[in-house]
Amino acid sequence: RRAKVEIQAADEFDIKIVNDDFETALNEIEAVLFK
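In the working numbering, the protein residues as written are -14 to 20.
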C-alpha cells in the first residue's frame, strides 16, 4: 500500500533510487552523495 503512494509521488523528487537490488541501489546512493 505504501509503495503505491510513494510511486505516485515520485515526480516530486529530484533523485529516484529503487531498492530492488541492494548493490545497484547502494551504487546509486554513493554516486549521488559523492559526485
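Heads up, the beta-carbon is just placed ideally off N, CA and C, and yes, glycines get one too.
Spatial distance of residue i from residue j (CA atoms)
{"i": "Ile0", "j": "Glu13", "result": "10 Å"}
{"i": "Asn18", "j": "Asp6", "result": "Residue identity differs from the one stated: residue 18 is Leu in this sequence, not Asn. Looking at the two C-alpha atoms, the distance is approximately 18 Å."}
{"i": "Lys20", "j": "Ala(-12)", "result": "28 Å"}
{"i": "Phe(-2)", "j": "Glu(-9)", "result": "10 Å"}
{"i": "Arg(-14)", "j": "Ile2", "result": "18 Å"}
{"i": "Ala16", "j": "Gln(-7)", "result": "24 Å"}
Residue j beta carbon less than 8 Å from that of residue i
{"i": "Ala(-5)", "j": "Asn4", "result": "no"}
Three-state secondary structure assigned by DSSP to residue i
{"i": "Lys20", "result": "coil"}
{"i": "Asp(-4)", "result": "helix"}
{"i": "Ile14", "result": "helix"}
{"i": "Lys(-11)", "result": "helix"}
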